[in-house]
Amino acid sequence: MTERRAVHLVVNGEARVVEVECRTLLSDVLRHTLGLTGTHVGCEQGVCGACTVIWDGAPARSCLALAPQAEGATIETIESVAGTAPGALHPFQQAMHELHGLQCGFCTAGIVMTIVAAERSGQTLDEALVALGGHICRCTGYVNIRAAIEHTWQELGR
Amino acid sequence: MSARYVGRRIPRRNDARLLRGRGHFVDDIELPGMLHAAIVRSPAAHGIVRSFDATAAVDAELVLGPAEIDAATHPVPVLWTIGVQPQTATRVADGRVRYVGQPLGVVVAASRYAAEDAIDQIVVDIDDLPVVADATAALAPGAPLLYPEYGTNVLSAFDSGDTAEHTDAVFAAAHRVLRHRMHLGRIAGISMEGRGIVVAPDPTTDHLTIWSSNQAPHAIRDAVSEVLGLPQHRIRVVAPDVGGAFGLKDHIYDDELMVCLAALRLGRPVKWIEDRSEHMVSTTQARDEHVDVEVAFDEDGRLRGLRIDAQRDTGAQFAIFGGGPLFTMAGLVPGPYRWDAVRTTAKVIASNRTPLGAYRGFGQTQAALIRERTVDLVARALDVDPVELRLANMLEPHELPATTRTHITFDNGDYPACLRRARELTAQFPERPDGDERIRGVGYAFYVQMAGIGPSNTNQLIGLCIGGHETATIRMEPDGSVRVASGISPHGQGQETTFAQLCADRLGIDIDQIALVFNDTDTTPYSAYGTAASRSMPVGGGALHLVADKLAAKIRAIAGELLEAAADDIVLGGGRATVIGTNVSVPIGTVAQRAWQGFSLPAGMEPGLIETAGYDPLSATFSYAAHVCRAAVDPATGEVAIEHYAVVHDCGTIVNPLVVEGQIHGGIAQGLGAALIEEVVYSADGQPLTTTFLDYLAPLSASMPNVTIEHMEIPSPYTPGGMKGMGEGGTNGAMACVVNAVAAALPHVADRIDRTPLSPSYLWELLQSNP
């Protein structure tokens, strides 16, 4: 359990090697080993979706994976979504801002990762709204998040 | 001064940081040499700790058990004393366990993983005592006592409103009396970020810095000072980004105090982060109330009397505000209607459950549910339209201000217009889908919310030992940019934006010139509440108004000197101070530079531009709303869908409609959740059965309809700026509205509904037994 192992990852486009106990959760590797604290942990039970990252192109709960399970994986976290240009936001992030789709901001990263993954994989608006169903937000009542998804799909001509 | 910013839908200024993953929450804090804590919790619901043996936890840096913790701590004060209340403080560890999950000790190790490993090596021997499963069991003759020294399981008992004699007379004179009972299910607040704390002692200065996920840094500082015996000026409490609080994080918890103690012992920083299962047993919960309601009314539909006997199962001990939520329920239960008598008798009862505390609504949600459900029962009994019945009994604008039978004076507004408009909005509800056989009903609720709680003298009068005021400090720098510090402690409510909107208008400067300072006892003025009780905008914003006007007066005086005009003839706007009716002006930044240089200031004026103002309101403020929604019930499964929802409300001056609407949406989700699906469940032996998000159901996107919102905007006569406060309103209206809609869909069983949540299984059974 406390045996350590080197795990090779590509995180936000950068090759990383972390040496961690085999039991370390991927979410803890991202947050505490790599300092990518934008990924939040809301339940460690795989339900709330706050810890969602994009793993080899698909959204995944980083609290449900042990680090060695991610050996060789390409992981994208919230820190990479907006790109590097100053002030830049992904269209969904921009819509979340303009339409007040976040309040405390704790669940937000996971929702952004899910919706960005849906957008990239060509999901329809209805599919993206269903994907939002995998997240718990306690502040917003979801109304403005749905509006932000609709706005994004409209902007992107989907 | 024209409003350039107030009233505008300005997206929040702090969003981008959170959207990019650059927030700074408590678990994001890393300090050199930091250790990690885990909490030893009781697996038993009731018992006496015989031994706490940590000898096997060899990898732990420190273990503290109940005896050491008790010896090193003073009791935690309960700040509200109501009626007959034997419990006015609670010990952090007194050798007994009273609920599953109660913290017994703390383990500190090199990592969170190692600390949790060490927990398994600690042997706690508990002698079981008979379990007091709930309030009913607690009141049974011969029930075991959680606190034998009190001689009772009743932690507080009080009456509210009219006398028994007056109420009896009103009931005797009325044509009819109806009775019903309700159990309001226990719910958990479930902020998406649990609690967490980082404690960093500085051995060289004897200062203690605490970062914690909280909503009231000064209150937490005060409690740490009291419990650990440290002077307040050597403790700094910071709330970093906070992932939701909803009342849960308004006080310090025993486990957090244990972490403080451990950090002090070790002289090193220690972090503790609550996990979700801990949250579901150790963070304060809400409701768990049983009410017997009697309503007296006349054949013509006139409401006469309301008599309530209420019991609140407050769990194992009082949190900071004791039985306050039940007291608040009793105070606000009259609502917008004329009554001849309103009386509540109440008991707050200890049982072997997780302690209750503050949660969005703080009793006002229950007040609305009890009253609005009762009004619907009367309407059904008289076979009259529930909206017409409400309108016939509702205070008209000309009757305001009006004092309730519970001695609360509502300020102003137009309640009937609000309700009528909500009824009109149902015309916009979408048509029932073809081929859908679900049964539909439309339900209404109306509430008047006591927001902007204060003044301090009222708190004193009702035994609530905290000040009801707020303070703001404002500092204009020599370049004309402004820093505003306020004691409120936002955590999602958007005051980084809305306070800047208010301030920019008062000073006539650009909003980008204003930065806000919150959430830190070292840099903000004192506030007993932080952000809670829907009072940040009416009371905190009131203080901001006053201080900005003080600063503006000084700017005008200096500008007058510069422009050779009277201060009264100077107006501020567009970043300039201008002689009224002329184009003679000077940039406000130039005035600020002059103020700090101290050159040629008006005679006797202090240099600099710093002002502070305290605002103790004349009265609380009273926002109100009408909620209406349509429920579709599937009789085959008991499942309820809320198809559409509309709100018409008045919270006085609206600083930012985007933020206000967001608060309403979120509040509705929480009220809807409590009405339909959320419930903390215990086994008969006090074991919690809902400790994950798979067992405790929170509303998901599919549960939440879209919401039509219309604003009325009748400014408060009290608050500078006219804001009334509204953060809890959505919750207050939604629970009652949803219950009434379900009842309206099921008229043949409507009067038999006697609990929340209206879960599918509950409704299905109700329908089966009443076909």
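So the protein sequences, as listed, match chains A and B. Per the working numbering: the first sequence = residues 799 to 956. Per the working numbering: the second sequence = residues 246 to 1016. For glycine and all other residues, C-beta sits at the position ideal for the given N, C-alpha and C.
Where residue i falls: helix, strand or coil (DSSP)
i	result
B:S405	strand
B:Y692	strand
A:R918	helix
B:P832	strand
B:M246	Legend: pLDDT at B:M246 = 48, less than 50; position of this residue unreliable, no value from coordinates given.
B:L453	strand
B:I653	coil
B:R479	helix
B:V469	helix
A:E801	coil
B:A612	helix
A:M814	Looking at the sequence provided, one finds Arg at residue 814 of chain A rather than Met. Strand at A:R814.
B:C874	strand
Proximity of residue i and residue j at Cβ, strictly below 8 Å
i	j	result
B:S779	B:G970	yes
B:G492	B:R666	no
A:L862	A:G844	yes
B:Q746	B:V727	no
B:V303	B:G350	no
A:R944	A:L930	yes
B:P600	B:G569	no
B:E430	B:E973	The sequence shown places Gly at residue 430 of chain B, not Glu. Cβ atoms of B:G430 and B:E973: not closer than 8 Å.
B:V784	B:G658	no
B:A647	B:F655	yes
B:L264	A:L824	no
B:P770	B:T716	yes
B:D260	B:I367	no
B:L391	B:G292	no
B:I435	B:P348	no
B:L921	B:S928	no
B:G911	A:C905	no
Unbroken beta strand (DSSP E) run spanning residue i, endpoints
i	result
B:A592	Note on residue identity: the sequence assigns Lys, not Ala, to residue 592 of chain B. 586-595 is the extent of the beta strand (DSSP E) around B:K592.
B:P446	441-447
A:G931	Where A:G931 is concerned, there is no enclosing beta strand (DSSP E), given that its DSSP letter is neither H nor E.
B:A282	280-286
B:V369	368-373
B:L349	348-354
B:H889	884-895
Boundaries (first-last residue) of the alpha helix (DSSP H) holding residue i
i	result
B:K516	Element bounds for B:K516: not the alpha helix (DSSP H) but the beta strand (DSSP E), 515-518.
B:G576	569-577
B:W325	Per DSSP, B:W325 belongs to no alpha helix (DSSP H) and is neither H nor E.
B:D755	No alpha helix (DSSP H) contains B:D755, which DSSP labels as neither H nor E.
A:A945	941-953
B:G805	786-808
B:R668	660-670
Interface flag, residue i vs chain C, CB-CB below 8 Å
i	result
A:I873	In the structure shown, chain C cannot be found, because the protein chains are A and B.
Contacts of residue i in chain B (Cβ-Cβ under 7 Å)
i	result
A:V941	H910, M949, N951, V952
A:L930	S946
A:A880	R265
Chain A residues whose Cβ lies nearer than 7 Å to that of residue i
i	result
B:S436	R936
B:V487	C902
B:G907	H898, Q901, T938, N942
B:A261	L887, H895
Contact set between residue i and chain A, taken where Cβ atoms lie within less than 8 Å
i	result
B:F270	T835, H838, F904
Amino acids of chain B, ordered along the chain, whose beta-carbon sits closer than 9 Å to that of residue i
i	result
A:E877	R265, G266, R267
Interface partners of residue i on chain B, CB under 8 Å
i	result
A:E819	Y358
Contact list for residue i against chain A, beta-carbon separation under 9 Å
i	result
B:A914	C935, R936, C937, T938, G939, Y940, V941
- Item | the segment 906-924 of chain A: positions lying closer than 9 Å to chain B by Cβ | T906, A907, V910
- Message: By the 8 Å beta-carbon criterion, what residues does the segment 835-846 of chain A contribute toward chain B?
- Response: For the segment 835-846 of chain A, which is checked against every Cβ of chain B, the residues closer than 8 Å are T835, G836, T837, H838, V839, G840, C841, E842, Q843, V845, C846.
- Task: Using a Cβ-Cβ cut-off of less than 7 Å, list which residues of the segment 888-901 of chain A approach chain B; keep chain order.
- Result: Against chain B - using a Cβ distance shorter than 7 Å - the residues of the segment 888-901 of chain A are Q891, M894, H895, E896, H898, L900, Q901.
- Query: Of all the residues that make up the segment 928-945 of chain B, which are near chain A by a beta-carbon distance shorter than 8 Å?
  - Reply: T937, F938, L939, A943, P944, L945
- Output, in sequence order along the chain, the residues in the segment 720-734 of chain B whose CB is closer than 7 Å to any CB in chain A. none
- Within 9 Å of chain A by C-beta, residues of the segment 508-523 of chain B in sequence order: Listed by position, the residues of the segment 508-523 of chain B near chain A (Cβ gap below 9 Å) are I518, D520, R521, S522.
- Task: Output, in sequence order along the chain, the residues in the segment 758-770 of chain B whose CB is closer than 7 Å to any CB in chain A.
- Result: none
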